[in-house]
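As you go down the protein sequences, you meet chains A and B in turn.
Residue numbering for the first sequence follows numbering that gives the first Met the number 0, beginning at 0 and increasing consecutively.
Residue numbering for the second sequence follows numbering that gives the first Met the number 0, beginning at 0 and increasing consecutively.
The beta-carbon is built from N, C-alpha and C at its ideal position, and this holds for glycine as well.
Treat the numbers as computed from the prediction; the structure is a model and nothing was measured.
There are 2 protein chains.
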Amino acid sequence: MTQRLTATASDFAAAFTALVNARREADADVSRDVAAIIAAVRANGDAAVADYTRRFDRFDPDTAGWTVPAAERRAALDGLSPDLRRALDLAAQRIAAYHAAQKPADSDSVDAAGVRLGARWRPVDAAGLYVPGGRAAYPSSLLMNAIPARVAGVARLAMVTPAPDGALNPLVLAAAEIASIDEIWRIGGAQAIAALAYGTARIAPVDVITGPGNAWVAEAKRQLFGVVGIDMVAGPSEIVVVADADNDPDWIAADLLSQAEHDPTSQSILFTDAAGFADAVAAAVERRLPTLATEATARASWQANGAIIVVERLIDAAPLVDRLAPEHLELAVADPAPLFDAVRHAGSIFLGRYTPEAVGDYVGGPNHVLPTGRRARFSSGLSVTDFMKRTSFLSCDSAALAAIGPAAVALAEAEGLPAHAASVAARLDG
Amino acid sequence: MTQRLTATASDFAAAFTALVNARREADADVSRDVAAIIAAVRANGDAAVADYTRRFDRFDPDTAGWTVPAAERRAALDGLSPDLRRALDLAAQRIAAYHAAQKPADSDSVDAAGVRLGARWRPVDAAGLYVPGGRAAYPSSLLMNAIPARVAGVARLAMVTPAPDGALNPLVLAAAEIASIDEIWRIGGAQAIAALAYGTARIAPVDVITGPGNAWVAEAKRQLFGVVGIDMVAGPSEIVVVADADNDPDWIAADLLSQAEHDPTSQSILFTDAAGFADAVAAAVERRLPTLATEATARASWQANGAIIVVERLIDAAPLVDRLAPEHLELAVADPAPLFDAVRHAGSIFLGRYTPEAVGDYVGGPNHVLPTGRRARFSSGLSVTDFMKRTSFLSCDSAALAAIGPAAVALAEAEGLPAHAASVAARLDG
C-alpha cells in the first residue's frame, strides 16, 4: 500500500524526513567497469568501441556500418503517420521557440573609471547526444536535447544510440531527422560516451555530452565531467501534485501514474487538504492501474515510493515541497499563485487544473530534462546555455589603469605575487 | 630553456599539437583516500572531521574552537593598512557591480496558443566556500567566490579554511568580514568539503560548494558533484599573450611571469609576429626572474611549460589560441578588435596594451575563477548563476490544452506511456 501521512500527526516530522531521505537511486557499483571501458577506448579507439558493441549489443559496426545512412533517416521520417508527424513538428517548433528566448545577451559597457568590461557568449563547437536504445528510446527526449543545442548555434551535433541486435527505433530516427542531427553512430553505453569525449579515428571529439542513459552511461558522464561538459547527474523521475478537493480524482490519479509508469524507482506524491479527496484519488489510482500496459511498473513505483500527504491548509505544503525539491510540481488548484510564490525549489512547475505534467513532457516548450533527487535545490533544467560558454573581457587605457591599477599592485604585493604587481606597476610608470 | 616555435616551420603542426596536449595536471591518485574521508565524515560527522583536522592540520577544533569569533574577524579588518583596506574595498565594490549586472531576468508570457510559460530564478539556500590555507590563501579569491553568492541573494555563506597549527591568514579574515561571510569554520581538506555537502551536527549542509583547493579538495568536490553543485574542475593557471613588436618587452615579460609565478605547472605562452621582439621578451624574462621573490616557481614554470611562438601575421594566432582555449588571453596590440572577434575559446580576454591580466585578478570586476586546461571550450567563469537555479513553468487553460494536448497524447501513445496520454486525454474530454 502507498504511504499515507497526515501533517497533524505526532510522528509526521520523522515520517516526512524519512520520505525525503529515502534513497531511490540504484547504488550499482559500476565505477570500476566504467573506468576500464573508458581507458580501453582512450587507448584503442574504434577497435575497443567495436569490441564492446559486439559484446553488449550483439551488433558489429565494422560489418553492419557505424552510422545510420541518410536514406534510412529520411525513410523513417517519411514513414510516420500524419498525426505523429504533426505532433513531432509541433513539439519541435514549441521547444525551439521557448529555447530561442533563453539565448543570453552579450554585455559591453564602459564604467565610471573608464574601464570597458563585459561578457560574450559563444556556442561550443560540437555536442554529443546520447539516446538510449530499447524501451526508453524516446523521440521527445531527442528533441529536448538536440533543439537547445541547435538554438545555441552548435555547428556539429553527433548522436550515439545503441542498436541492440542491429535494431533502431524508427521514431527516434525520424526525430533525429527533424532535429537535423549531423551524425548518428550506432554505438551506446560507456564506450560511446568515451568515444565522444576523447574522440577516435572515426569519431571527432565533442565538447559537451547530454542525454539520458543507464547506470553505465551516467557513470561514464560523471567520470568524464571536466574532460567535456555534461548536462547533469540524473536520477529517477518524480512528481509532486498539490491538489484541492475540487479536482476530478481521476485526473490527479492519472498525473501520479504518469511518473510512476516510467520506472519502479520513480516517485509520485500527492499533497491535499481533504482526507476524503485523498481516499478518492487512492481509489482512482487502483481503478486506473489495471487499464495500463505499464501496470506492473506503475504499481511497483506507486507502492514502494508513492505517498499521499494530508495537510491542514494547502499553503502548508510549500515548505514540505521545498524539502523534496521535486523535478515536477503540479499545482492543481483554482488559484495557484500563492503556492507558486511560496515554493522555492522545483525543476518545473505546472499551474492550474488543465496543465498535466505530461503536456510539458512533449509540447509545452520548456525542457523536460530536469534536476531529480532533490537537485532542484541547486540545479536547473537543460537550457541553451548548457551548449554555450561565456568569455568575460576587460579593457583599460592608461587613464583607467591609473584609476584602478594601484589597488591591484597593493593586493598583489600583500598576496606575495611580485610579478602580478610588476605587470601593473610597469604600466603605471610607463 | 623555454620552447620556441615558428609557425612556418615544417614541424610546427606536430610541435603545436604536442604543446596543446601536454598534460600539466598532476595525476595524484587520491580518489580512494578521498572516498574514505567522505564516507567517514558521512558516518561519524564532527568526530571524523575533528580527527582528520588533528591529524592533517595539527589543530584540535574541539579544544581550540571550530569557528573564528566575530571579534577576531573584526580585528583583522581593523588591522589592515589604509592602502590595503581601500584596495579590498575597491575590489569588492567593482566585483559586486560587475556581478550585479549578471543577475538573470525572469520570463513570463502567453504565446499564440494561449499557453502561459516562462522561467524564474531563485538563489540557493546556502553556499559553502573553500579557502585554502598557507601560501595560497588569497583574499582576492575569497571576494571572487563570496560576492557573486551575495549578489545572487544566498542567505547563508559558510566558509571553511584549514588552520595549520592554528594559524589563519589575517588578510583572508579581513576579506571575509568585508564579504559578510556568515560562518568561518577552521577546517579544511576533503573532510571540510564532505562536512559542507552532507552536514554534521555542528555544520548545516550547503547546496553549492565553490573555491580552489589542493588535489584532495578538488577530488572531494568532483566526487560530491550531484550531492551538491560545484563551481568547476580546476587545473593549473594559464596565460596566452598575443603581442606585436610595438610593446615594451619588459611589460610582456612581466605578464608572462605573472602566471608562471603561481605554480610550476602554470603555463605562459607568447604569440608574436616578430622574431626580434620574441628575443627581446625572452631576454626581459631572464632579466626580471632574479628580481622576483617567486623566482624558483616562475622559472620552473617558464622553462617547463612556457612557449614563444612566432606567427606570420598576428591574426594567424586566433585558430591556435582556440586550440589552447586558455584561461586568460591578453591581446597587447594597438587594435585588438580583429583578434577579439576571431577568437572563440578563452575564459577571459584582456584588451590592449594597458590591460595586464593581473588587474583582472583583483579589481577589474569580472570573475577571476575561470576554466583552465582547455575547458574554456565548453565552460565559463564563475558567475551569479552558479549560486542560483532556474524553475521553468507552464500553464494551460482548457482552450490552450485543446490546442496542444492532442499532440502530447499522440506522442505519449507512440512512446508507450499510456498514463502520460491519459493524464492529458482525460482533460480534453472533461
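Measuring alpha carbon to alpha carbon, tell me which of the options ends up nearest residue i.
{"i": "Q101 of chain A", "options": "B:W120, B:V40, B:A281 and B:D50", "result": "B:W120"}
{"i": "A441 of chain B", "options": "B:P204, B:K220 and B:Q92", "result": "Look at the range of chain B in this structure, 0 to 429, and you will see that residue 441 of chain B is not part of it."}
{"i": "A21 of chain A", "options": "A:Q2, A:P318 and A:D28", "result": "A:Q2"}
{"i": "F392 of chain B", "options": "A:L338, A:L400, A:E414 and A:S422", "result": "A:L338"}
{"i": "L156 of chain B", "options": "B:V171, B:S179 and B:E356", "result": "B:S179"}
{"i": "V153 of chain B", "options": "A:A399, A:R343 and A:A193", "result": "A:R343"}
{"i": "R53 of chain B", "options": "B:R149, B:I268 and B:G187", "result": "B:G187"}
{"i": "V19 of chain B", "options": "B:T390, B:R352, B:G228 and B:G372", "result": "B:G372"}
{"i": "V114 of chain A", "options": "B:A6, B:D88 and B:A96", "result": "B:A96"}
{"i": "A510 of chain A", "options": "A:S80, A:V109, A:A242 and A:Y197", "result": "Here chain A covers residues 0 to 429 and nothing more, so residue 510 of chain A does not appear."}
{"i": "A151 of chain B", "options": "B:V383, B:T390, B:A406 and B:A401", "result": "B:V383"}
{"i": "R41 of chain A", "options": "A:F349, A:D230, A:V226 and A:V320", "result": "A:V226"}
{"i": "T390 of chain A", "options": "B:V284, B:R374, B:T199 and B:P163", "result": "B:R374"}
{"i": "L427 of chain A", "options": "A:I403, A:L416 and A:A413", "result": "A:I403"}
{"i": "G212 of chain A", "options": "A:A14, A:A233 and A:E237", "result": "A:A233"}
Tell me whether residue i sits in a helix, a strand or coil according to DSSP, three-state version.
{"i": "D107 of chain B", "result": "strand"}
{"i": "E260 of chain A", "result": "coil"}
{"i": "H419 of chain A", "result": "helix"}
{"i": "G364 of chain A", "result": "coil"}
{"i": "P122 of chain B", "result": "strand"}
{"i": "Q2 of chain B", "result": "strand"}
{"i": "E311 of chain A", "result": "coil"}
{"i": "Y353 of chain B", "result": "coil"}
{"i": "L269 of chain B", "result": "strand"}
{"i": "A174 of chain A", "result": "helix"}
{"i": "F15 of chain A", "result": "helix"}
{"i": "G117 of chain B", "result": "strand"}
{"i": "T384 of chain A", "result": "helix"}
{"i": "V241 of chain A", "result": "strand"}
{"i": "S397 of chain A", "result": "helix"}
{"i": "V227 of chain B", "result": "strand"}
{"i": "I348 of chain B", "result": "strand"}
{"i": "A331 of chain A", "result": "strand"}
{"i": "T371 of chain B", "result": "coil"}
{"i": "S379 of chain A", "result": "coil"}
{"i": "I186 of chain A", "result": "coil"}
{"i": "R93 of chain A", "result": "helix"}
{"i": "R389 of chain A", "result": "strand"}
{"i": "V207 of chain A", "result": "strand"}
Going along chain B, which residues have a C-beta under 8 Å from residue i?
{"i": "P365 of chain A", "result": "L116, A118, S391, F392 and L393"}
{"i": "E260 of chain A", "result": "L416, P417, A418 and H419"}
{"i": "I403 of chain A", "result": "L89, R93, V358, V362 and G363"}
{"i": "F224 of chain A", "result": "R221, F224 and V232"}
{"i": "I348 of chain A", "result": "T390, S391, F392 and L393"}
List the residues of chain A that residue i touches, going by C-beta distances under 7 Å, in chain order.
{"i": "E218 of chain B", "result": "Going along chain A, no residue has its Cβ under 7 Å from E218 of chain B, so there is no contact; the nearest lies around 11 Å."}
{"i": "R343 of chain B", "result": "R121"}
Since residue i contacts residue j with CB under 8 Å, what's their CB separation in whole angstroms?
{"i": "A345 of chain B", "j": "P325 of chain B", "result": "6 Å"}
{"i": "A292 of chain A", "j": "D206 of chain A", "result": "So it is not a contact: roughly 40 Å between Cβ atoms."}
{"i": "R185 of chain B", "j": "T160 of chain B", "result": "7 Å"}
{"i": "Y361 of chain B", "j": "A411 of chain A", "result": "7 Å"}
{"i": "V309 of chain B", "j": "A341 of chain B", "result": "Their Cβ separation, rounded to whole angstroms, is 18 Å, which puts V309 of chain B and A341 of chain B out of contact at 8 Å."}
{"i": "A49 of chain A", "j": "D61 of chain A", "result": "5 Å"}
{"i": "A281 of chain A", "j": "I251 of chain A", "result": "That pair is no contact at about 10 Å."}
{"i": "L142 of chain B", "j": "A91 of chain B", "result": "6 Å"}
{"i": "L328 of chain A", "j": "I348 of chain A", "result": "5 Å"}
Under 9 Å Cβ-Cβ, which residues of chain B neighbour residue i?
{"i": "G133 of chain A", "result": "What G133 of chain A touches in chain B: nothing, since even the nearest Cβ is about 11 Å away."}
{"i": "V153 of chain A", "result": "Residues of chain B passing the Cβ test: none, with the nearest at roughly 11 Å."}
For a contact defined as C-beta to C-beta under 7 Å, what are the partners of residue i on chain B?
{"i": "S397 of chain A", "result": "Y353"}
{"i": "Y137 of chain A", "result": "E414"}
{"i": "V227 of chain A", "result": "F377"}
{"i": "A425 of chain A", "result": "D249, W250 and A253"}
Which residues in chain A sit within 9 Å of residue i, going by Cβ to Cβ distance?
{"i": "V29 of chain B", "result": "Near V29 of chain B there are no residues of chain A at all, since even the closest Cβ is about 15 Å away, more than 9 Å."}
**OP:** Could you please tell me which residues of the segment 230-255 of chain B, in chain order, have their CB closer than 7 Å to any CB of chain A?
**Re:** V232, D247, D249, W250, A253 and D254
Original post:
Name the residues in the segment 78-98 of chain A whose C-beta lies less than 8 Å from a C-beta of chain B; which are they?
Top reply: D82, L83, R85, A86, L87, L89, A90, R93, A96 and Y97
Original post:
Name the residues in the segment 283-315 of chain B whose C-beta lies less than 8 Å from a C-beta of chain A; which are they?
Top reply: R287, T290, L291, A292, T293 and A297
Original post:
Taking a cut of 8 Å between CB atoms, which residues from the segment 328-340 of chain B lie near chain A?
Top reply: P335 and F339
Original post:
For the segment 34-57 of chain B, which residues have a CB atom closer than 8 Å to at least one CB atom of chain A, in sequence order?
Top reply: none
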